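Asks: Can you read through this structure? Questions will come right after.
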């Protein structure tokens, strides 16, 4: 008769550990912070894009207004779609560096301490 722990026990305790982290206040705060940035930014970008499409479809005179040379409002709005995409990506990177990554690193380190004790495969 052996007193060794069965092979399935470490996997179960790892699963329990991940569930405990998922239920923790720190993880809930991390998800809340992420949602607090991602959802409003997604809505803002979608509305900005919808404005561009709606104006292109229903305000052709306005969108066709020449600003200088052959550059019209529609072209500027279209190019601003790309600019806004890069601005949002830059804002997210800054936000993640300040608010998301430090908490995620703490959670990862906490989980890593448990996983490293058992080895890389659990």
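Numbering (this note's numbering), first residue to last: 1 to 122.
By construction, the Cβ of each residue, glycine as well, lies at the ideal position given by its N, Cα and C atoms.
Predicted model only: the values in this text are computed from it and were never measured.
Could you give the uninterrupted runs of the beta strand (DSSP E) lying entirely in the segment 31-69, keeping only those of 3 residues or more?
Replies: The qualifying runs are 66-68.
Asks: To which residues does DSSP link residue 71 through a beta bridge?
Replies: DSSP lists 68 as partners of residue 71.
Asks: Compute the Euclidean distance between the alpha carbons of residue 54 and residue 45, then round it to the nearest angstrom.
Replies: Going by the C-alpha atoms only, they are around 14 Å apart.
Asks: Examine the Cβ distances between the segment 98-107 and the segment 23-30 and report whether three or more of them are shorter than 8 Å.
Replies: Contact between the segment 98-107 and the segment 23-30 is present, because at least three Cβ pairs lie under 8 Å.
Asks: Hey, out of 91, 111 and 74, whose CA is closest to residue 62's CA?
Replies: Nearest of 91, 111 and 74 to residue 62, Cα basis: 74.
Asks: Would you grab the beta carbon distance between residue 39 and residue 95 for me? Rounded to a whole angstrom, and I think it's under 8 Å.
Replies: In fact, because the Cβ distance is near 13 Å, the residues do not count as touching under 8 Å.
Asks: Roughly how many angstroms lie between the CA atoms of residue 78 and residue 35, to the nearest whole one?
Replies: Roughly 27 Å between the two C-alpha positions.
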